[in-house]
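One structure is given below, encoded as structure tokens.
There are 2 protein chains.
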Amino acid sequence: MAQAITKERRKRDSSATRAELIAIATDEFAEKGLAGARVEEIAARTATSKHMIYYHFGSKDGLYRAVLEQAYDEFRVAEGSFDYDDLTALDALSALVGATFDVHARCPQIVRIIMAENINCGQQIRSIDSFQQRELALDTLRRILDRGAADGTLRSGLDPLQIHLTVSALCFHYIANVHTFGHVFEFDAHSAEHMKARRKEVVATVISRCAATAGEEKR
Amino acid sequence: MAQAITKERRKRDSSATRAELIAIATDEFAEKGLAGARVEEIAARTATSKHMIYYHFGSKDGLYRAVLEQAYDEFRVAEGSFDYDDLTALDALSALVGATFDVHARCPQIVRIIMAENINCGQQIRSIDSFQQRELALDTLRRILDRGAADGTLRSGLDPLQIHLTVSALCFHYIANVHTFGHVFEFDAHSAEHMKARRKEVVATVISRCAATAGEEKR
DNA sequence: TGTTGACCGGACAAACCGGTACGTTTAATG
DNA sequence: CATTAAACGTACCGGTTTGTCCGGTCAACA
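Here the protein sequences line up with chains A and B, keeping their order. What the first sequence shows, in the working numbering, is residues 21 to 239, in sequence order. What the second sequence shows, in the working numbering, is residues 21 to 239, in sequence order.
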């Protein structure tokens with residue numbers, strides 16, 4: 021009965037242990053993928069032991085799922101915390117795209133983990149159903165596009181899903197592929213100036229696609 | 021002196037064996053990543069044995085590097101085999117973007133392998149220096165942009181690198197992330213119709229970004 | 001046709017790694 | 001303080017996986 025309190029007040033804190041494990045594991049999985057990461061290595065980098073991974077998460081896959089879940093949560097809160105209704109459709113769209121870019125830039129490990137998931141054909145993600153936030157993001161975008169189409173500032177007939185894919189692609193790709201790009205073109209894609217330039221370009225690209233043209237055609 | 025001929029004419033053909041090994045390994049690495057793929061599994065799927073992997077490539081990493089190298093080569097020939105100088109800048113740009121999309125769509129394993137490389141921070145790619153083709157692709161793009169800027173059909177002041185990144189992002193992302201997207205939005209991203217729709221959208225996006233705005237357009 | 005050397009395959013070895021058994025510590029509670 | 005259950009650590013097991021060994025085969029060429 022005092023159970024709940026008991027659990028909460030522990031000094032020997034399970035949730036702290038879990039959090040540390042997840043944090044380190046996020047790094048490790050992002051760097052090496054699910055198969056490449058080593059349970060022992062993850063444990064060694066924490067203050068606790070390998071056994072705790074099995075105690076708290078049951079298996080390597082369990083830990084990975086926990087990492088995935090938290091990663092998506094972080095994305096969600098970062099993406100969803102903005103009110104676009106106060107702005108004009110054009111400004112809202114710019115803000116949305118910029119914010120999306122920033123989220124990706126801020127959480128490169130998450131981007132990496134999503135990559136890892138795709139290499140593994142999204143096996144693990146199927147057992148998690150906590151990402152209605154994507155649909156939510158799509159709704160946000162749809163509202164902006166509708167608003168812009170109505171007042172003539174944005175092109176009409178745009179497919180929200182396509183635009184979402186475009187935004188996602190532009191933001192994701194730069195963060196995801198810094199290494200190969202950096203090597204091929206020999207520039208430091210991480211640097212603040214390149215980051216800023218890329219962000220600007222991404223926003224400009226989406227705006228170009230969505231903004232109404234002078235001689236707007238209607239079918 | 022008859023050495024070259026000898027090597028060529030073998031029935032017991034080493035290059036055929038190598039090719040088969042690389043082909044299967046490409047699949048396997050693309051599906052599971054470097055760490056996730058199993059040497060034994062690769063060997064089992066070929067007509068030859070595991071020993072040949074070590075005979076021809078020295079190690080698992082050696083095989084992976086060979087796969088990477090050939091993957092980039094395939095991209096290069098597929099990308100470079102077109103003459104854009106006969107077309108107007110606008111048409112050339114559309115063709116270039118479309119062709120880039122098609123290359124990615126046709127070789128999803130290569131896309132996957134580049135993903136895998138980025139997860140592993142491009143460790144292996146550093147030991148390969150055979151991709152000036154990217155710079156070549158950049159030159160092709162630069163020429164088109166310059167031409168378009170000169171005759172007023174394309175915006176002036178565009179950065180070829182940024183546009184290249186954009187094209188790459190749009191083409192790469194759709195192919196790379198079919199699994200997570202497919203799951204989140206519940207549609208079959210592989211299907212011909214979705215593929216076609218996406219291709220059209222990608223071309224339209226790049227054109228929107230690069231085309232001269234209504235005021236300056238001629239045609 | 002016999003020799004040579006590149007090519008091949010299956011069995012084997014050693015390391016590696018996920019997972020577990022079992023014992024210990026900590027903190028809340030009576 | 002004794003009890004209890006959660007939290008934790010250590011040592012180890014057993015399957016898996018990379019890489020090797022050794023004997024055999026086939027094609028080219030003299």
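Glycine included, every Cβ here is placed at the ideal spot set by N, Cα and C. Being a predicted model, the structure only gives us computed values, none of them experimental.
Beta carbon proximity, residue i to chain B, threshold 7 Å
i: H193/A; result: yes
i: G142/A; result: yes
i: G177/A; result: no
i: G168/A; result: no
i: H76/A; result: no
i: R58/A; result: no
i: A210/A; result: Before going on, a small fix: residue 210/A reads as His here, not Ala. Taking Cβ atoms only, chain B never reaches closer than 7 Å to H210/A, which makes this a no.
i: T66/A; result: no
i: A196/A; result: yes
i: K238/A; result: Any reading at K238/A needs caution, since the residue's pLDDT is 38, under 50, leaving its predicted position unreliable; the model's value is listed next. It does not: the Cβ of K238/A has no partner Cβ on chain B nearer than 7 Å.
i: R229/A; result: yes
i: G53/A; result: yes
i: A232/A; result: no
i: A136/A; result: yes
i: Q90/A; result: no
i: R132/A; result: yes
7 Å Cβ shell around residue i - same chain, five flanking residues per side excluded
i: D307/B; result: Within the shown structure, residues of chain B are numbered from 21 to 239, placing residue 307/B beyond reach of any answer.
i: D47/B; result: Q129
i: I195/A; result: H124, A125, P128 and V131
i: E60/A; result: K70
i: G202/A; result: D208 and A209
i: H214/B; result: F207 and D208
i: V187/B; result: V117, T120 and V226
i: I164/A; result: Y104, A109, A112, L113 and L116
i: I42/B; result: A86, V87 and Q90
C-beta neighbour in chain A for residue i, strict 7 Å
i: A125/B; result: no
i: S69/B; result: no
i: H214/B; result: no
i: S34/B; result: no
i: I139/B; result: yes
i: L190/B; result: yes
i: T186/B; result: yes
i: T173/B; result: no
i: A86/B; result: no
i: M72/B; result: no
i: E221/B; result: yes
i: A157/B; result: no
i: T200/B; result: yes
i: T225/B; result: yes
i: Q129/B; result: no
i: I145/B; result: yes
Residue i in three-state terms, based on DSSP
i: L178/A; result: coil
i: A209/A; result: coil
i: A231/A; result: strand
i: T225/A; result: helix
i: G202/B; result: helix
i: G172/A; result: coil
Nearest-angstrom Cβ-Cβ length linking residue i and residue j, presumed shorter than 8 Å
i: I227/B; j: S114/B; result: 6 Å
i: R132/A; j: A50/A; result: 4 Å
i: T225/B; j: R229/A; result: 5 Å
i: Q144/B; j: Y84/B; result: 6 Å
i: A232/A; j: R175/A; result: 5 Å
i: L161/B; j: H184/B; result: 6 Å
i: A55/B; j: G56/A; result: 3 Å
i: E94/A; j: I148/A; result: Contact flag wrong, Cβ pair sits at about 14 Å.
i: F192/B; j: L181/A; result: 18 Å between Cβ atoms; not a contact.
Neighbourhood of residue i by C-beta distance below 8 Å, restricted to the same chain and skipping five residues each side
i: E240/B; result: Residue 240/B lies beyond the residue range present for chain B, which begins at 21 and ends at 239; the question has no answer from this structure.
i: N197/B; result: none
6 Å Cβ shell around residue i - same chain, five flanking residues per side excluded
i: R219/B; result: F121
i: E237/B; result: Here E237/B scores only 40 on pLDDT, less than 50, and its place in the model should not be relied on; the value that follows carries that caveat. Here the set comprises nothing.
i: I62/B; result: I44, A45 and E48
i: G53/A; result: A136
i: A24/A; result: Any reading at A24/A must be qualified, since the residue scores a pLDDT of 36, below 50, and its modelled position is unreliable; the value itself is stated next. Once the five neighbours on either side are set aside, A24/A has no close Cβ partner at all.
i: A169/B; result: S176
i: V222/A; result: F121 and L190
Go through the stretch 113–158 of chain B residue by residue and report every complete run of the alpha helix (DSSP H) that reaches 4 residues or more, in order. 128–139
Can you check the stretch 41–126 of chain B for any alpha helix (DSSP H) of at least 4 residues that lies completely inside it and give the ranges in chain order? 59–65, 70–77, 80–100 and 109–126
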